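Everything on this sheet refers to the single structure shown next.
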Amino acid sequence: MPHPPELAEWILGGLLTLDMRETVSGDLLEEYRESRVPAVGEFRADLWYWRQVGGMWLRAYWWLVVSAILLHVVQDVFNTFRAPSGASYLDGLPTIVYAVLSPLGLVGLVGLATAYGSWRAGRWHGGFAAALGVSAIVWLFMAAWRNATFQPFTQVQQANPYWIQAWQSSPSKETFQHWMYWDDFGALIIAGIVLLVASFVFGGIAALVGEAVFPATGLRGRRIISGVLLGLATALLVLIGLFGPRAVPPAEVALWAATGGPPLSFDAPHDGQVIAHMDLMRGLPPDIARIHISEVATGATVWDVKPSPALRVCWNGCWNLPLSAGPNPASFAAGRQTFKATVPKTPTFWLTQGTAYLFEVWDSKGRVQRHSFTL
Amino acid sequence: MADILGSFEQAVLLAIVRLESGAYGRAILKEVQVRLQRDVAAGAVQATLERLERKGLVRSNLGSGTPIRDGRARRFYTVLAEGLRALNEARKTHETIWRGLVRPLKARS
Numbered sequence: 001m002p003h004p005p006e007l008a009e010w011i012l013g014g015l016l017t018l019d020m021r022e023t024v025s026g027d028l029l030e031e032y033r034e035s036r037v038p039a040v041g042e043f044r045a046d047l048w049y050w051r052q053v054g055g056m057w058l059r060a061y062w063w064l065v066v067s068a069i070l071l072h073v074v075q076d077v078f079n080t081f082r083a084p085s086g087a088s089y090l091d092g093l094p095t096i097v098y099a100v101l102s103p104l105g106l107v108g109l110v111g112l113a114t115a116y117g118s119w120r121a122g123r124w125h126g127g128f129a130a131a132l133g134v135s136a137i138v139w140l141f142m143a144a145w146r147n148a149t150f151q152p153f154t155q156v157q158q159a160n161p162y163w164i165q166a167w168q169s170s171p172s173k174e175t176f177q178h179w180m181y182w183d184d185f186g187a188l189i190i191a192g193i194v195l196l197v198a199s200f201v202f203g204g205i206a207a208l209v210g211e212a213v214f215p216a217t218g219l220r221g222r223r224i225i226s227g228v229l230l231g232l233a234t235a236l237l238v239l240i241g242l243f244g245p246r247a248v249p250p251a252e253v254a255l256w257a258a259t260g261g262p263p264l265s266f267d268a269p270h271d272g273q274v275i276a277h278m279d280l281m282r283g284l285p286p287d288i289a290r291i292h293i294s295e296v297a298t299g300a301t302v303w304d305v306k307p308s309p310a311l312r313v314c315w316n317g318c319w320n321l322p323l324s325a326g327p328n329p330a331s332f333a334a335g336r337q338t339f340k341a342t343v344p345k346t347p348t349f350w351l352t353q354g355t356a357y358l359f360e361v362w363d364s365k366g367r368v369q370r371h372s373f374t375l
Numbered sequence: 001m002a003d004i005l006g007s008f009e010q011a012v013l014l015a016i017v018r019l020e021s022g023a024y025g026r027a028i029l030k031e032v033q034v035r036l037q038r039d040v041a042a043g044a045v046q047a048t049l050e051r052l053e054r055k056g057l058v059r060s061n062l063g064s065g066t067p068i069r070d071g072r073a074r075r076f077y078t079v080l081a082e083g084l085r086a087l088n089e090a091r092k093t094h095e096t097i098w099r100g101l102v103r104p105l106k107a108r109s
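Taken in sequence, the protein lines are chains H and P.
The first sequence stops at residue 375 when you use the working numbering, and every number in between is there.
The second sequence stops at residue 109 when you use the working numbering, and every number in between is there.
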């Protein structure tokens, strides 16, 4: 007879309450063997089984996952957005709230997950299934969150004396963004290790408590414990709701995450001048490998520049390239980058009013954006 | 007055009524899927059954296992009088809300 994945069965065993374990796992096994495997084959039946277990896990622990994710978002936002002195905006809060909103709060939440999981299942591995699941989901969220918010958050940090000083006092001579990226990366790895260790340490302790104490608790005791745990989670959500407006709107972050390639937009020309914007959300630096201007009518190259070295830095708040009728500098410095012209060889290139030009910009991956303009 | 039942709760309760003495977890899941004409997660049905039992609308008792379940016991459900009353009330409320309207509703041109 076919058998569902052993790991999924093991997780299910640590997930279901004592009185439901045998009957619910039996129902799933019966459905798996009698309906799913004959209908769709063993592989897809396995996927179905995993989906059922995943769904049951989320039904049991969603409030812990949501709390942990929101807690991390609040922590990261308040770590990023600081007073110019470096002081946290949370500094004035009561110690207990400050402690909950610190990284300690996240570790505490993992402890809560293990206690709740082992009590709920009344089994030694119930706490592990809860804590490891919460830790894994939160860590994956952390990775996605840091990736999505890296550029907008770095822009904010780049303007804060506290972060600039931290960057300058670091031993490496990298750009601010590069330094910040590796700092974030290191923090992510450390967070993963801390969550994993916390899961095992708390899991071990809470599993023992879960086996020894909680199964002896009566129905009323269980309800009281549930109430306290849910109350704590609700209080956490309310706190986060109060601080929500300070967070970066997720829509902006999503927009940045979804956009790829060198960004390019032009202002309407006025007074013989036009400004090419090559940044996102007026604050995120582009990844530029080449800029090329040619005449639309003849195709003749008017200007061709490449940067050295290849960096993503903000310049001219952030990347606004003015182009004027008449002479324009052929080479220029943008932050720590120097753009040197291969065409023309003279110090300036000339744009004529009324002539249509094609502006092209490439990123380091070879993606190109084009825009026509007339001065 | 009994709690107002959600539509999924009604579907689960009616599945138990229809299945009579054969109302155990998997059979209820299949019956709900057939009636709602969509795939339903086993966890959703299980959570609803636990909630209905806590509300005192159904009761359960353990039955024997079968070889295909590796001998694991089945939990059979029965709708209690309070459950039937809640179902009748839900039906009455539903009909009262719809009374006087011609079904299906059509948009005014």
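Just so you know, even glycine gets a beta-carbon here, dropped at the ideal spot from N, CA and C.
These numbers come from a predicted model, not from an experiment.
Shorter than 7 Å from the beta carbon of I68(P) to some beta carbon of chain H?
What you label residue 68(P) is simply residue 68 of the second sequence in a count that begins at 1. So, interface residue.
So, with DSSP's three-state summary, where would you put T48(P)?
Stepping through the second sequence from its first residue, residue 48(P) is reached at position 48. In the structure shown, T48(P) sits in a helix (DSSP, three-state: H, G or I).
As a quick exercise: from L323(H), A121(H), M278(H), W179(H), pick the residue whose alpha carbon is nearest that of E448(H).
Residue 448(H) lies beyond the residue range present for chain H, which begins at 1 and ends at 375; the question has no answer from this structure.
So, does the stretch 36-44 of chain H touch the stretch 7-24 of chain H, judging by three or more C-beta pairs under 8 Å?
Using a C-beta cut-off of 8 Å, the stretch 36-44 of chain H makes no contact with the stretch 7-24 of chain H, since fewer than three inter-stretch Cβ pairs fall below that distance.
May I ask you to report which of helix, strand or coil DSSP gives G317(H)?
Counted from its first residue, the first sequence places residue 317(H) at position 317. It is coil, neither helix nor strand.
Chain P beta carbons: is any one of them nearer than 7 Å to that of L12(H)?
For the purposes of this step, residue 12(H) is identified with residue 12 of the first sequence, where counting begins at 1. Output row for L12(H): interface = no.
State the DSSP-derived secondary structure class of D391(H), mapped to helix, strand or coil.
The displayed coordinates of chain H run from 1 to 375. Any statement about residue 391(H) would go beyond what the structure contains.
Alpha carbon of R85(P) to alpha carbon of L5(P), nearest angstrom
Here residue 85(P) corresponds to residue number 85 of the second sequence, with the count starting at 1. Here residue 5(P) corresponds to residue number 5 of the second sequence, with the count starting at 1. Between R85(P) and L5(P), the C-alpha separation is close to 11 Å.
Mapping DSSP to helix, strand and coil, what is Q353(H)?
Against the first sequence, residue 353(H) aligns to sequence position 353. In the three-state DSSP reduction, Q353(H) falls in the coil class, being neither helix nor strand.
Pairing CB atoms from the stretch 168-187 of chain H with CB atoms from the stretch 106-122 of chain H, are three or more of them under 8 Å?
By the Cβ criterion, the stretch 168-187 of chain H is not in contact with the stretch 106-122 of chain H, since fewer than three pairs of Cβ atoms, one from each stretch, lie closer than 8 Å.
Cα-Cα, which of G299(H), P344(H), V194(H) is closest to L104(H)?
Looking up residue 104(H) in the first sequence gives position 104. Looking at the Cα atoms, V194(H) is the closest of the given residues.
Measure the C-alpha to C-alpha separation of V73(H) and A41(P) and round it to an integer number of angstroms.
As a working note, residue 73(H) is residue 73 in the first sequence. As a working note, residue 41(P) is residue 41 in the second sequence. Taking the Cα positions, V73(H) is about 30 Å away from A41(P).
How do the stretch 6-17 of chain P and the stretch 358-373 of chain H stand: do at least 3 beta-carbon pairs fall below 8 Å, yes or no?
Touching, no.
Measuring CB atoms only, is the stretch 262-280 of chain H touching the stretch 327-338 of chain H, in the sense that at least three cross pairs come out at less than 8 Å?
Contact between the stretch 262-280 of chain H and the stretch 327-338 of chain H is absent, because fewer than three Cβ pairs lie under 8 Å.
Find the residues of chain P that neighbour G55(H), judging by a C-beta separation of less than 7 Å, and give them in chain order.
Within the first sequence, the letter at position 55 stands for residue 55(H). Those within 7 Å of G55(H) in chain P are A41, G43.
Quick one: is R120(H) near chain P, going by C-beta distance under 7 Å?
By one-based count along the first sequence, residue 120(H) stands at place 120. Not a single C-beta of chain P is nearer than 7 Å to the C-beta of R120(H).
Rounding to the nearest angstrom, what Cα-Cα distance links K345(H) and V274(H) in this structure?
As a working mapping, residue 345(H) is identified with position 345 in the first sequence. As a working mapping, residue 274(H) is identified with position 274 in the first sequence. A direct Cα-Cα distance of roughly 23 Å separates K345(H) from V274(H).
Helix, strand or coil: how does DSSP classify R99(P) here?
Here the question's residue 99(P) lines up with position 99 in the second sequence. The DSSP-derived three-state label of R99(P) is coil.
C-beta neighbour in chain H for G56(P), strict 7 Å
As a working note, residue 56(P) is residue 56 in the second sequence. Look at G56(P): its C-beta is not under 7 Å from any C-beta on chain H.
Under 7 Å by beta carbon: chain P residues contacting S135(H):
Taking the first residue of the first sequence as 1, we reach residue 135(H) at position 135. Within 7 Å Cβ-Cβ: nothing; S135(H) doesn't reach chain P, min ~21 Å.
Taking any Cβ of chain P, which residues in the stretch 11-34 of chain H have a Cβ under 8 Å from it, in chain order?
Per Cβ criterion, the list reads M20, E22, T23, V24, S25, G26, D27, L28, L29, E30, E31, R33, E34.
When the cut-off is 7 Å and only beta carbons count, does R59(H) lie next to chain P?
One-based indexing of the first sequence puts residue 59(H) at position 59. In terms of beta-carbon proximity, R59(H) lines the interface with chain P, with at least one pair separated by less than 7 Å.
Measuring only the C-alpha atoms, how far is G26(H) from F76(P)?
Taking the first sequence and counting its residues from 1, one reaches residue 26(H) at position 26. Taking the second sequence and counting its residues from 1, one reaches residue 76(P) at position 76. Their Cα atoms are separated by approximately 13 Å.
Give the range of the beta strand (DSSP E) segment to which F373(H) is assigned.
Here residue 373(H) is taken as the residue at index 373 of the first sequence, counted from 1. In the DSSP assignment, F373(H) falls within the beta strand (DSSP E) that extends over 368-374.
Name, please, each residue of chain H whose Cβ falls closer than 9 Å to the Cβ of G22(P).
For the purposes of this step, residue 22(P) is taken as residue 22 along the second sequence, with counting starting at 1. Those do not exist, as G22(P) stays about 13 Å from chain H at its closest Cβ, beyond 9 Å.
Let me see if you follow: with CB-CB separation under 7 Å, is Q10(P) close to chain H or not?
For this step, residue 10(P) is matched to residue 10 along the second sequence. No, because no Cβ of chain H sits closer than 7 Å to the Cβ of Q10(P).
Taking 7 Å as the cut-off, decide whether the C-beta atoms of G14(H) and A191(H) are in contact.
Here residue 14(H) refers to the residue found at position 14 when the first sequence is read from its first residue. Here residue 191(H) refers to the residue found at position 191 when the first sequence is read from its first residue. No, the Cβ-Cβ distance between G14(H) and A191(H) is not below 7 Å.
Can you pull the chain P neighbours of Q52(H), defined as C-beta to C-beta under 7 Å?
Taking the first residue of the first sequence as position 1, residue 52(H) is located at position 52. Near Q52(H) (Cβ distances below 7 Å), the residues of chain P are A41, A42, G43.
Buried or exposed (CB count within 10 angstroms, at least 16 for buried), I293(H):
Position 293 of the first sequence, counted from the start, is the residue given in the question as residue 293(H). It is buried - the Cβ of I293(H) has at least 16 other Cβ atoms within 10 Å.
Enumerate, from N- to C-terminal direction, the unbroken beta strand (DSSP E) stretches of 3 or more residues contained entirely within the stretch 9-78 of chain P.
58-63, all fully within the stretch 9-78 of chain P.
May I ask you to verify whether the stretch 37-52 of chain P touches the stretch 87-102 of chain P, counting CB pairs closer than 8 Å and requiring at least 3?
When Cβ pairs closer than 8 Å are counted between the two stretches, the stretch 37-52 of chain P is seen not to touch the stretch 87-102 of chain P, the count staying below three.
Less than 7 Å between C-beta atoms, sequence neighbours within five positions excluded: which residues of the same chain meet that for G133(H)?
Here residue 133(H) is taken as the residue at index 133 of the first sequence, counted from 1. These residues qualify, in order along the chain: W57, Y61.
Using the Cα positions of S118(H) and N61(P), report the straight-line distance between them to the nearest angstrom.
To locate residue 118(H), count along the first sequence from 1; it is residue 118. To locate residue 61(P), count along the second sequence from 1; it is residue 61. Spanning the two alpha carbons is a distance of roughly 25 Å.
Nearest neighbour of L356(H), chosen from S88(H), G335(H), R370(H), T374(H) [CA to CA]:
To locate residue 356(H), count along the first sequence from 1; it is residue 356. According to the sequence displayed, residue 356(H) carries Ala and not Leu. Of the residues S88(H), G335(H), R370(H), T374(H), the one whose Cα lies closest to the Cα of A356(H) is T374(H).
7 Å Cβ cutoff, G83(P) in contact with chain H:
Position 83 of the second sequence, counted from the start, is the residue given in the question as residue 83(P). No, no contact with chain H.
Take the Cβ of W315(H) as the centre, count every other Cβ of all protein chains shown within 10 Å, and call the residue buried at 16 or more, exposed below.
One-based indexing of the first sequence puts residue 315(H) at position 315. Buried, by the Cβ-count rule.
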